[in-house]
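Colleague: Below: one structure in structure tokens.
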Amino acid sequence: MENKFSFSNTTRKHFINESQNKVFDILVIGGGITGAGIALDAVSRGLSVCLIEKHDYAWGTSSRSTKLIHGGLRYLKQLEIGLVKEVGTERAIVHKNARNLVLPEKMLLPIVENGSLGYYSTSAALLVYDFLAGVKSKERRKMLTKRSTLKAEPLLDSKKVSGGGLYYEYRTDDARLTIEIIKKAVELGAVCINYAEFINPIYENHRFAGGDIKDGITNENFEIRAKQVVNATGPWVDLIRKKDNSLKRKRLQLTKGVHIVLPFKALPIKQAVYFDVEEDDRMVFAIPRHGKTYVGTTDTIYSENIDEPHATKEDVAYILKATNYMFPKLNISISQVESSWAGLRPLIYEDGKSPSELSRKDEIFESESGLLSIAGGKLTGYRKMAERIVNKVVELHNIKNASKCKTEKLALYGSDFTSDKEIRNLIIKLTSENTKHKITVDIIKEWVYRYGTNTTDVLELYKHFLKEKKDAELCYQLAEIQYCLENECVLKLEDFYIRRSSKMYFDIKRINPYINEVAQLVKAFHHYTDVEINKQIENVQYFEKLALTFKN
Ligand code: FAD
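Counting in our numbering, the sequence shown runs from 921 upward without gaps.
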């Protein structure tokens, strides 16, 4: 019989027990995209790896980015040629390995008077970008006259725009990309444990050899040992280095980036637009997605609570001012903003540089005790960062049986598509097979772009719930949460609403009408008490408020 994949609280308990009786090749601290990428790279080469995450997977920056897999056009301005080339090439690979999650997105770059780029410099920059990133011919840049720019985007101000450039980036769901990497790693044998916080280092012969870990569900402590510990905690990297007494020389500079979400009708753009901010030398994105348009980001030095960045009135005012300047016919107001998120960039401090000037390159720090810390970098470059760090581990420990990096040709979990057409065919097939089950093509599309080939499992659950309940919308949500409980190690309600389904950002109004029924499933699955589940409902409501604090 086929051994069906499952990744639930039962798997997690088994992983906690298993992890205490062995010495792993690698212990990764941090379950964002960087840690997930390292776990997948290592396990696919034959190394034993354990990853721990103090909250949920992608809880940190990896669920709060601009959600683009991009070549980093702006880094050309900073002459970071190597970075543009690497992330540009990676874009194509990440798309190929996760076609349902990383989608081509047409991007318009309007040229405005006194903007950061003129017509000829934009044309040259996009040409260099196409060349460095090895962009395929149908996605190469196209320069537009003023007339065709305004035709491409009639909402732009005809008095300001003098032309434009069209090019392609790729849009993703950062948190889902992270969880699908984790699932693939688990499928191949990695031990991944969420709600497991690294508390203190364990040393053997003065070498960093593991850690005391706190189980965030039971509050019990346990130990994990490894030949090599890798600190991939993004904005928290320096806190772990501090515990190792190795916070010397280079350190992090955190900057905050905020995005706001508008109903699509408030900013009904025909494609994504990457535009100049009038008041400084920055650019922001406006990106349409599933009936909404999100706009961002800001970039400001951050030194407050790392665990809870949020959008302030000033952040939102900055984004709205920039948007209204570029699209003056719309006059968008703060009351139209439906949700927001704020993320922290773990950048490497450089004397005298402003937030936007700091490099996005990743760096590896090696401490005297042997701890490897990786910081900086981008979502887009996660695979290469992982390859570099695992190469280093293999070399440091002279691990003979490790193969070369394999992830270039490794499709992520649920992404076994060989072409974009296969995805469209799956949507058509599932829609026609399910016409009698009260399910819309929009929901099937949403699921295929979220769960890939695993949509068939979600659909089976949906049909099961539909036998008991009449409300199709309720059954959509019950099917999704049940799938995530069984296969994506959802331990708390917020994991589902914020990171597995991004309802908190893109569909906030669909949460409250069904939260009690959804919570009942979570309670039954995990055997939570009434007190525990009510606390989780309160937490979701707290996060709803946090997404809108700037309105108070
Ligand atoms: P994180 O995602 O923050 O993960 C670190 C994890 O470590 C966290 O989940 C945290 O809970 C965990 N952790 C911390 N302490 C402990 C502990 N003691 N024990 C266990 N676990 C611990 N990149 C792109 O390519 N494209 C973009 O469009 C883009 N846009 C961005 C927009 C913004 C506003 C920001 C802030 C960044 C953006 N980036 C983008 C960059 C990208 O998002 C980050 O580089 C990336 O997400 C960092 O991932 P990470 O895994 O290193 O860190």
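In this text, a Cβ means the ideal position worked out from N, Cα and C, and glycines have one as well.
Can we say the region 968-981 touches the region 1066-1078, given the rule of at least three CB pairs closer than 8 Å?
Modeller: Judged by Cβ distances under 8 Å, the region 968-981 makes no contact with the region 1066-1078, as fewer than three pairs qualify.
Colleague: Is DSSP giving residue 1334 helix, strand or coil here?
Modeller: Taking the sequence shown and counting its residues from 1, one reaches residue 1334 at position 414. Of the three classes helix, strand and coil, the one that applies to residue 1334 here is coil, per DSSP.
Colleague: Among 1233, 1128 and 1020, which has the Cα closest to the Cα of residue 1467?
Modeller: Locating residue 1467 in the sequence shown gives position 547, counting from the first residue. Looking at the Cα atoms, 1233 is the closest of the given residues.
Colleague: Less than 8 Å between C-beta atoms, sequence neighbours within five positions excluded: which residues of the same chain meet that for residue 1376?
Modeller: Residue mapping note: residue 1376 aligns to position 456 of the sequence shown, counting from 1. Only 1350 meet the Cβ criterion.
Colleague: Please name the residue in 941, 1016, 1452 and 1065 whose C-alpha comes closest to that of residue 1038.
Modeller: Within the sequence shown, residue 1038 is the residue found at index 118, counting from 1. Of the candidates 941, 1016, 1452 and 1065, the one whose C-alpha sits nearest the C-alpha of residue 1038 is 1065.
Colleague: Where residue 1025 and residue 1434 are concerned, what is the direct C-alpha to C-alpha distance, given to the nearest angstrom?
Modeller: The sequence position of residue 1025 within the sequence shown is 105, counting from 1. The sequence position of residue 1434 within the sequence shown is 514, counting from 1. One C-alpha to the other measures close to 32 Å.
Colleague: Can you tell me whether DSSP reads residue 1209 as helix, strand or coil?
Modeller: In the sequence shown, the residue the question calls residue 1209 occupies position 289. Note: residue 1209 maps to strand in three-state DSSP.
Colleague: Compute every distance between the C-beta of residue 982 and the non-hydrogen atoms of the ligand FAD, then say whether any falls below 6 Å.
Modeller: Taking the first residue of the sequence shown as 1, we reach residue 982 at position 62. Yes.
Colleague: Let me check one thing: in DSSP terms, what residues is residue 1134 bridge-paired to?
Modeller: For the purposes of this step, residue 1134 is taken as residue 214 along the sequence shown, with counting starting at 1. DSSP, once it has assigned bridges, lists 1117 and 1141 as partnering residue 1134.
Colleague: Measure the beta-carbon distance from residue 1281 to residue 1003 and round it to whole angstroms, keeping in mind my assumption that it falls under 8 Å.
Modeller: As a first step, residue 1281 is located in the sequence shown; it is residue number 361 there, counting from the start. As a first step, residue 1003 is located in the sequence shown; it is residue number 83 there, counting from the start. At roughly 6 Å, the Cβ-Cβ gap stays under 8 Å, so residue 1281 and residue 1003 are in contact.
Colleague: From the DSSP output, in three-state form, read off residue 1262 for me.
Modeller: For this step, residue 1262 is matched to residue 342 along the sequence shown. The answer is strand: DSSP assigns residue 1262 an E or B state.
Colleague: Compare the C-alpha of residue 1429 against each of 1211, 1299 and 1446 and name the closest.
Modeller: Counting from 1 along the sequence shown, the entry for residue 1429 is found at position 509. That would be 1211, whose Cα lies nearest to the Cα of residue 1429.
Colleague: Within its chain, find whatever has a CB closer than 6 Å to the CB of residue 1036; leave out the 5 residues flanking it on each side and keep chain order.
Modeller: Stepping through the sequence shown from its first residue, residue 1036 is reached at position 116. Result list for residue 1036: 1196 and 1201, in chain order.
Colleague: I'd like to know if the region 1127-1142 and the region 1259-1266 are in contact, where contact means that at least 3 CB-CB pairs between them fall below 8 Å.
Modeller: No, because fewer than three Cβ pairs between the region 1127-1142 and the region 1259-1266 fall closer than 8 Å, the two stretches do not touch.
Colleague: Excluding the 5 residues preceding and the 5 following residue 1172 in the sequence, name in chain order all residues of the same chain whose CB lies nearer than 8 Å to its CB.
Modeller: Translated into positions along the sequence shown, residue 1172 becomes position 252. Result list for residue 1172: 1155, 1157, 1158, 1266, 1267, 1268, 1269 and 1295, in chain order.
Colleague: Of the choices 958, 1069, 945 and 1332, whose alpha-carbon is the least far from that of residue 1284?
Modeller: The residue given as residue 1284 occupies position 364 in the sequence shown. With distances taken between Cα atoms, residue 1284 lies closest to 958.
Colleague: Please determine if the region 1354-1366 and the region 1318-1338 are in contact, where contact requires at least 3 C-beta pairs separated by less than 8 Å.
Modeller: Short answer: they don't touch.
Colleague: What I want to know is whether the C-beta of residue 1009 ends up closer than 6 Å to one or more non-hydrogen atoms of the ligand FAD.
Modeller: Reading the sequence shown from its first residue, position 89 is the one you call residue 1009. Residue 1009 Cβ: outside cutoff for every heavy atom of the ligand FAD.
Colleague: Given residue 968, which residues of its chain have a CB within under 6 Å of its CB, disregarding the five upstream and five downstream residues?
Modeller: Residue numbering aside, residue 968 sits at position 48 when the sequence shown is read from its first letter. So the qualifying residues of the chain are 944 and 945.
Colleague: Can you look up residue 921 in the DSSP assignment and give me helix, strand or coil?
Modeller: The sequence position of residue 921 within the sequence shown is 1, counting from 1. With a pLDDT of 44 at residue 921, under the threshold of 50, the modelled position of that residue is not reliable, and no figure is offered here.
Colleague: Following a CB-centred definition, is residue 1470 positioned closer than 6 Å to any heavy atom of the ligand FAD?
Modeller: Sequence index remark: in the sequence shown, residue 1470 carries index 550 (1-based). Not under cutoff, so the answer is no.
Colleague: Would residue 1338 and residue 1010 be called neighbours here (beta carbons separated by less than 7 Å)?
Modeller: Counting from one through the sequence shown, the residue named residue 1338 turns up at place 418. Counting from one through the sequence shown, the residue named residue 1010 turns up at place 90. Going by C-beta atoms, residue 1338 is not nearer than 7 Å to residue 1010.
Colleague: Hey, is residue 1304 close to the ligand FAD, as in C-beta under 6 Å from one of its heavy atoms?
Modeller: As a working mapping, residue 1304 is identified with position 384 in the sequence shown. Because no heavy atom of the ligand FAD lies under 6 Å away, the Cβ of residue 1304 does not count as near it: no.
Colleague: Name the residue from 1456, 1431 and 1432 whose alpha carbon lies nearest to the alpha carbon of residue 1443.
Modeller: To locate residue 1443, count along the sequence shown from 1; it is residue 523. Nearest of 1456, 1431 and 1432 to residue 1443, Cα basis: 1456.
Colleague: Just mark residue 1208 as buried or exposed, buried being the case when its beta carbon has 16 or more other beta carbons within 10 Å.
Modeller: In the sequence shown, the residue the question calls residue 1208 occupies position 288. So residue 1208 ends up on the buried side.
Colleague: Regarding residue 1213 and the ligand FAD, is the C-beta to nearest heavy atom distance less than 6 Å?
Modeller: Taking the first residue of the sequence shown as 1, we reach residue 1213 at position 293. Result no, Cβ not under 6 Å from the ligand FAD.
Colleague: Would you decide whether residue 921 is buried or exposed? Buried here means 16 or more other CB atoms lie within 10 Å of its CB.
Modeller: The residue you call residue 921 lines up with position 1 of the sequence shown. Summary for residue 921: the model assigns pLDDT 44, below 50, so the residue's position carries little reliability; its value from the coordinates is reported in the next sentence. Residue 921 comes out exposed.
Colleague: Inspect the beta-carbon positions of residue 1245 and residue 1198 and report whether they are closer than 7 Å.
Modeller: What you label residue 1245 is simply residue 325 of the sequence shown in a count that begins at 1. What you label residue 1198 is simply residue 278 of the sequence shown in a count that begins at 1. Contact flag set, yes.
Colleague: Mind pulling the alpha helix (DSSP H) runs of 4 or more residues that sit fully within the region 928-976?
Modeller: As far as the region 928-976 is concerned, its whole alpha helix (DSSP H) runs of at least 4 residues are 929-939 and 953-964.
Colleague: Tell me the DSSP secondary structure of residue 1299 in three-state form.
Modeller: Taking the sequence shown and counting its residues from 1, one reaches residue 1299 at position 379. It is coil, neither helix nor strand.
Colleague: Any idea if residue 1419 is buried or exposed, counting beta-carbon neighbours within 10 angstroms, 16 or more meaning buried?
Modeller: The residue you call residue 1419 lines up with position 499 of the sequence shown. Burial call: buried.
Colleague: So, does the region 1304-1321 touch the region 1287-1294, judging by three or more C-beta pairs under 8 Å?
Modeller: Counting Cβ pairs under 8 Å, three or more are found: they touch.
Colleague: What's the gap between the Cα of residue 976 and the Cα of residue 1409?
Modeller: Locating residue 976 in the sequence shown gives position 56, where the first residue counts as 1. Locating residue 1409 in the sequence shown gives position 489, where the first residue counts as 1. Cα to Cα, the separation comes out at about 9 Å.
Colleague: Identify whether residue 1025 lies in helix, strand or coil by the three-state DSSP scheme.
Modeller: Here residue 1025 corresponds to residue number 105 of the sequence shown, with the count starting at 1. If DSSP states are grouped into helix, strand and coil, residue 1025 belongs with the strands.
Colleague: If you follow the alpha helix (DSSP H) that residue 1385 is in, where does it begin and where does it stop?
Modeller: Reading the sequence shown from its first residue, position 465 is the one you call residue 1385. From DSSP, the alpha helix (DSSP H) with residue 1385 extends over 1375-1388.
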